[in-house]
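Numbering (our numbering), first residue to last: 44 to 670.
Ideal Cβ positions, reconstructed from N, Cα and C, are used throughout, including at glycine.
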């Protein structure tokens, strides 16, 4: 379905065919006036974490903490604050999606600094001390934003109580306003965001389902998971004296910003002027790597023999979220240097049975999409290749070379241009140890079709200066993925939202300054995943891997103006579906998630597809002229 045009844009609608007629000649023929899609991907923020208090224009509605009356416009507890109450639980034997023994917190565990830096440093920051170094390392930032990378240090020890936040030592049991006691321009600690942890945080069970929440996910175990297991055990025993502050996170997951009081001013401005989705989700429960892979493949990647065939990973790389003996929910094998694969077709694998049983009990019976003998990546491992196309042998936590089909393959087969612009890519090619370029963020770096072909690498994998050259020269490809570096991506502790706002602003202004390009471009600003932050929105179980919580999506285009808030159910794979529909491409494979239908209406909630599992193709984010 296309969004119906309102009378307020009737004049613009009359002009659009004329604009469409002025499109430059291109080899690619798009089904809509959009000749260029630019996907900009930040890091680790849920919808409610960022837009908790957003008030849309008159005539529009939004689902957030304010509209649910969980919080007031000033960020204080609202009449329905108890709807976001969080609980402790008990899980001491085998991994459970919905653990028993739940008791509500009297007050939440402390808000913590996690790994946010105490002081500026050019070696241990961010924040950095040197503006010169910021300029050299951040080609994606406008010069007026360099200073943002030098400000906002905590002034507190890492992994300590964040006393900058009001009532940080004992927050009320519910969402916690970060500002104004914490300045918006401040580095702050983040929460856990791994696969089995996020399933537990959502607390899903069929017997908890309601008509407006048919998944039965209560989202009420966020701090409990943060404080019991956090980022994982890496297969090591639980440390002596382990308590609610040991992980360095406490209840960071419950923090939110307040756009009604001036936080995130640029993203609020974009939401007011263009289209905002309040039902866009991370495709995979878990972290950065797997969600970027989904953005490029509409699928999950699996361990191989290096030639594309499924194989069994080393035992210490297989997830085991069963609690260690004598602990409450401290996983046996999980972590950034521990397990990250599961054979999710095998009901007997640790953790797998709990997810499969839940999916099977749902009335919609979603297909787990798990092939026998395949060990799927669930979190963050390095890609199988380095920048020069050689096989990556730097560390064990690396996905072997893959033949997984990507949207890049589909575009190339139809001679449709595309590029992935990763900030500091050129530096990384010269030195694979470059700390700023995000290796796990490039879905195409995992696959042989691009990485083993020198011409393809040169054409499709670029740096941010190349992006601005392509914009200025009019050589921007049909499809662009744009990824900031680790300083500029908005990731908690290592970046800030105001920096990612500045990165996005520079790109949008550059496109707008080229009127011929702007007329036929859609810039999609989103995030890789929610970073483990709380969100009150509905989550649809699509398969074994997700979906996960809502994340922001703003679509900036001449065809998405008006401040519309779209409620259609989307996830990362909706980006792939839009590209496919716009350029007439088939789904990537027979099993990829882009085969799912668009959502149908008919439930009591506009947020819940009547034909679940279903995900939209983003067409509702636009108002195209009638043909």
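- Counting the other CB atoms within 10 Å of its CB gives residue 430 a total of 16 or more, which places it among the buried residues.
- Listed in chain order, the non-local C-beta contacts of residue 369 below 7 Å within the same chain number zero, local neighbours out to five positions each way being set aside.
- Counting the other Cβ atoms within 10 Å of the Cβ of residue 623 gives 16 or more, which makes it buried.
- In the structure shown, residue 626 falls within a coil segment according to DSSP collapsed to helix, strand and coil.
- Of the other Cβ atoms in all chains shown, 16 or more fall within 10 Å of the Cβ of residue 659; this residue is therefore buried.
- Cβ neighbours of residue 311 within its own chain (closer than 6 Å, five residues either side excluded): 302.
- Scanning 173, 207, 284 and 328 for the CA closest to the CA of residue 244 turns up 328.
- The alpha-carbon of residue 347 is positioned some 23 Å away from that of residue 637.
- Three or more pairs of CB atoms, one per stretch, sit closer than 8 Å, so the stretch 524-541 contacts the stretch 153-160.
- Of all alpha-carbon atoms in 455, 426, 98 and 447, the one lying nearest the alpha-carbon of residue 441 is that of 426.
- Taking C-beta atoms under 8 Å as the contact rule, residue 549 and residue 99 fail to qualify, at a distance of about 26 Å.
- When DSSP assignments are scanned along the stretch 298-373, the uninterrupted stretches of beta strand (DSSP E) that are 3 or more residues long and fall wholly within it turn out to be 318-320 and 363-366.
- The alpha carbon of residue 360 has as its nearest neighbour, out of 377, 166, 514 and 513, the alpha carbon of 377.
- Scanning 642, 545 and 587 for the CA closest to the CA of residue 342 turns up 587.
- Put simply, of 188, 182 and 192 the residue whose alpha carbon is nearest the alpha carbon of residue 164 is 192.
- Distance from the CA of residue 529 to the CA of residue 540, rounded to the nearest whole angstrom, comes to 12 Å.
- Boundaries of the beta strand (DSSP E) around residue 146: 143-147.
- Of all alpha-carbon atoms in 332, 264 and 213, the one lying nearest the alpha-carbon of residue 146 is that of 264.
- In this structure, residue 578 lies near residue 91, with their beta-carbon atoms less than 8 Å apart.
- By the C-beta density criterion, residue 452 is buried, having at least 16 other C-beta atoms within 10 angstroms.
- Counting every other CB atom within 10 Å of its CB across the protein chains shown gives residue 663 a total of 16 or more, marking it as buried.
- A direct Cα-Cα distance of roughly 32 Å separates residue 105 from residue 628.
- Take the alpha-carbon of residue 454 and the one of residue 461: they are about 7 Å apart.
- Each residue's CA atom was taken as its position, placing residue 497 and residue 422 some 28 Å apart.
- Relative to the Cα of residue 94, the nearest Cα in the group 109, 85 and 82 belongs to 109.
- Comparing C-alpha distances from residue 406 to each of 280, 456, 217 and 583 shows the shortest one belongs to 583.
- Spatial neighbours of residue 446 in its own chain (CB-CB distance under 6 Å, excluding positions within 5 residues in sequence) are listed in chain order as 351 and 491.
- Taking all protein chains shown into account, residue 174 has fewer than 16 neighbouring C-beta atoms within 10 Å of its C-beta and is therefore exposed.
- With respect to residue 125, residue 220 sits apart: the two C-beta atoms are not nearer than 8 Å.
- Per DSSP, the beta-bridge partners of residue 384 are 361 and 420.
- In the DSSP assignment, residue 523 falls within the beta strand (DSSP E) that extends over 522-526.
- Shown here, residue 268 sits in a helix according to DSSP, grouped into three states.
- Of 487, 475 and 464, the smallest CA-CA separation from residue 506 is found for 464.
- Under the three-state reduction of DSSP, residue 288 is assigned to coil, being neither helix nor strand.
- Rounded to the nearest angstrom, the gap between the Cα atoms of residue 299 and residue 129 is 15 Å.
- Taking 8 Å as the cut-off, the beta carbon of residue 486 is found no closer than this to the beta carbon of residue 597.
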